[in-house]
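Residue numbers (our numbering): 4 to 632.
See the structure below:
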């Protein structure tokens, strides 16, 4: 069962004038936690811990502080489910959206101003919040307006250089309109902040920049309200409130304070709870609300119950690239003592746990600081080591792009691994759907881009990057499990610029990479053959920015209908490299038709299957496209 609180029940409480502002906020925050938990459970993903630590801050601000012209946004983005639940409860977002977290035409995994009108700005890589606030203040002043801007950040976010870059300018401009609240829950995505990049005396640091700094218990409404009220009276200075919170606050077994002394990793940063844990958490939250209602002499909570959606589990040959990468990296780490692994606060997500445990002296946790990480990697390479740097591709390729180029200019060998690459998973939203890294990195001299099509090819590609390549390598990894219907030929070996055919066919040929698009194309080829007697030759080409022209001419042969499918924007993707290579090859291009498929715009958020279908990249849509070209 799943549980949520409907709008009329929320209104019954927030419209009751007999309850003090403090007590009403406490009740509302708990109601919002229940709905947040429901939204994440229904979506099957989302960030619980940070949504719960921020909830009391969201609730107090929106119920008691923010006036009609005031601006509020969260810079850390992960807390979107919590923020959504508050805005839904207050009627600022249509209530029906409570059922549509991370769904197509629903609520995106991270805020998106193009989708939700009441959002003030989009989030992305961390650290942008104060900079955005300054821009808003300048715009407001130019328009003759004095509008307060409240920004919520996380303590992990304070590791990003942009945050610290943004502070002096706010002081120089006397931006008294800005109040930053730090959700100081002491834990970033994997582990304790102090274990990764200790912030030290944060009050003294922030004060030294010239900001007015106060501290409070961010999960205590009384304390929080007093500090916000006092801070609002401060003039001629930007303000920062360090709100000490507990990650997962509100559910006893999810609270970071409940972690065992020897526990290194927090369990409830992201992902939906198990059915058992969901039931435990819901019962606890509902009991909390009823105690508060009883204290306020109000009737017990009326709860809406609904059944979970059934998930189709009938899949075969599910492959998981990250665990395979973790095993391969650990094995190569034992053979090659020059390997040094670097991470940007994504040790578990990027498959680095085994290496970090087995070779701790060659593992560097850089925290949320991608530019720092890649510059360290470049220096390691200059001194004869083989650095392998990791993050989500959406952060790695963009945040540290200059560092990629600087390392390339030194003509050393570095390896970069970008996980969470491509359109899927689509639930987190556009900020995490990396569909432009090939275009960003493909032109960097001496950098080869590769993406494996299956677990077996993960091993091949990493071995090539470590042992065979004299150039630097960027490895693009799909992070989600996926059903892979094909098997690489037994005699297949990884050769630079060359791929391998997965199916036979003479009517058309399609080039693609990675297990998502190749799996959909493989299924499409079977439909085309069985239903239409149409032979589609599906070719796996893991080389994203380099194509062997002689191999290409041989592979195409006399086929005139050529398709490319990118798990990426068409602009700057492999398809454009392919088109250029065909023109430059020895092929007779007369009557050849090339169709590039992929994305044309910033991707939408949703369930994986519905987003693939929306962009006509699922097997059935591909069948129709190929037949009608």
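Beta carbons are placed, not taken as given, at the ideal position from N, Cα and C, and that holds for glycine.
The residues 174, in chain order, have a CB closer than 6 Å to that of residue 213 in the same chain once the five nearest residues on each side in sequence are set aside. If you compare the alpha carbons of 345, 357, 350 with that of residue 384, the shortest gap goes to 345.
Contact annotation: residue 474 and residue 449 have beta-carbon atoms nearer than 9 Å. Bridge pairing for residue 568: 600 [DSSP]. Residue 260 sits exposed, since fewer than 16 C-beta atoms from the chains shown fall within 10 Å of its C-beta.
Here residue 192 really is in contact with residue 349; their C-beta atoms are around 6 Å apart, less than 8 Å. In the three-state scheme derived from DSSP, where H, G and I count as helix and E and B as strand, residue 444 is classed as helix.
In the three-state DSSP reduction, residue 422 falls in the strand class (E or B). Separation of residue 127 and residue 138 (C-alpha to C-alpha, rounded to the nearest whole angstrom) is 17 Å. The three-state reading of DSSP puts residue 219 in strand, counting E and B together. Around the C-beta of residue 4, fewer than 16 other C-beta atoms lie within 10 Å, and the residue is accordingly described as exposed. Runs of the alpha helix (DSSP H) lying entirely within the segment 475 to 558 and spanning at least 4 residues, in chain order: 518 to 535.
Rounded to whole angstroms, the separation of the alpha carbons of residue 276 and residue 499 is 43 Å. Between the alpha carbons of residue 271 and residue 251 lies a gap of roughly 7 Å. For residue 153, the beta-bridge partners assigned by DSSP are 75, 182. In the DSSP assignment, residue 256 forms no beta bridge with any residue. Secondary structure note for residue 133: its alpha helix (DSSP H) is the uninterrupted segment 132 to 145. Under the rule that a run must span 3 or more residues, the beta strand (DSSP E) segments found entirely inside the segment 283 to 366 read 307 to 309, 342 to 346.
Residue 5: member of the beta strand (DSSP E) spanning 5 to 7, first to last residue. Taking all protein chains in view, the Cβ of residue 570 is crowded by 16 or more other Cβ atoms within 10 Å, so the residue is classified as buried.
Within 10 angstroms of the beta-carbon of residue 586 lie fewer than 16 other beta-carbons, which makes it exposed. By alpha-carbon distance to residue 460, the top candidate from 292, 62, 327 is 327. For the pair residue 365 and residue 340, the CB atoms are nearer than the 9 Å cut-off. In the three-state reduction of the DSSP assignment, residue 271 falls in the coil class. If you look at residue 390, you'll find it in the beta strand (DSSP E) that goes 389 to 395. For residue 226, the enclosing alpha helix (DSSP H) covers residues 224 to 235. Beta-bridge partners of residue 242 (DSSP): 182, 215. Take the alpha-carbon of residue 81 and the one of residue 129: they are about 10 Å apart. Under the DSSP definition of a beta bridge, residue 451 partners with 476.
Per DSSP, residue 29 is one residue of the alpha helix (DSSP H) stretching across 24 to 46. Rounded to the nearest whole angstrom, the CA to CA distance from residue 177 to residue 407 is 36 Å. In the DSSP assignment, residue 169 falls within the alpha helix (DSSP H) that extends over 164 to 175. For residue 368, the three-state secondary structure derived from DSSP is strand. Residue 563 places its beta carbon less than 9 Å from that of residue 596.
Under DSSP, residue 562 shares a beta bridge with no residue.
The shortest CA-to-CA distance from residue 324 to any of 201, 548, 518, 125 is the one to 518.
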